[in-house]
Amino acid sequence: MGTLFDLAKYRKAKSFVHFDRAELMKLMNTYSRQVASGAWKDYAIDHLDGMAMFSIFRSTHETPLFTVIKLGNEHKNAGQYVALHSGERIKQSAEIVNVLEAIEKRARKVVPLFKTNS
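So this is what it looks like as structure tokens:
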């Protein structure tokens, strides 16, 4: 026979970290500026134990170019944000604005391969 779980106890035991509305607005504003410039094409939001991740992709079939991680209470740096560039830590701060500024400094506009005559 299978094992029964009390979902209410299970949910309380797990720490669910998420981006709030204001954080998502800041993330999406940064993301949309880079999409408009042609540099970024896709994003993903993941929730792992004790952290939330916003990953940015140059194209759909690549590894993340940039990732913003919000750390939960299980980590020694609880409430911190971490910015990664191709898996390398570039900034850690208590303010999401600081990590987004670090990402925008590293973001480069994609140069079009072909010039259109219009």
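If you're matching positions, the sequence shown starts at 1285 in our numbering and goes up one per residue.
All C-beta atoms, glycine included, are put in the ideal place defined by N, C-alpha and C.
All values derive from a computational prediction rather than experimental measurement.
Are there any heavy atoms of the ligand FAD lying less than 8 Å away from the beta-carbon of residue i, as far as the coordinates show?
i: residue 1378; result: The ligand FAD is not among the ligands present in this structure, which contains no ligands whatsoever.
Secondary structure at residue i, three-state DSSP: helix, strand or coil?
i: residue 1358; result: coil
i: residue 1316; result: helix
i: residue 1252; result: There is simply no residue 1252 to check, as the chain begins at 1285 and stops at 1402 in what is shown.
i: residue 1301; result: coil
i: residue 1437; result: Residue 1437 is absent from the structure shown; the chain starts at 1285 and stops at 1402.
So which of the options has the shortest CA-CA distance to residue i?
i: residue 1382; options: 1371, 1361, 1291, 1352; result: 1352
i: residue 1335; options: 1366, 1341, 1301, 1386; result: 1301
i: residue 1337; options: 1368, 1321, 1386; result: 1368
i: residue 1384; options: 1314, 1292, 1305, 1293; result: 1314
In whole angstroms, give me the CA-to-CA distance for residue i and residue j.
i: residue 1354; j: residue 1286; result: 35 Å
i: residue 1325; j: residue 1349; result: 11 Å
i: residue 1380; j: residue 1288; result: 40 Å
i: residue 1303; j: residue 1323; result: 23 Å
i: residue 1309; j: residue 1389; result: 19 Å
i: residue 1292; j: residue 1365; result: 29 Å
i: residue 1319; j: residue 1371; result: 21 Å
Can you tell me the Cβ-Cβ gap for residue i and residue j, rounded? I've got them flagged as a contact below 8 Å.
i: residue 1330; j: residue 1339; result: 7 Å
i: residue 1357; j: residue 1376; result: Contact doesn't hold; Cβ gap of about 17 Å is too wide.
i: residue 1363; j: residue 1378; result: 6 Å
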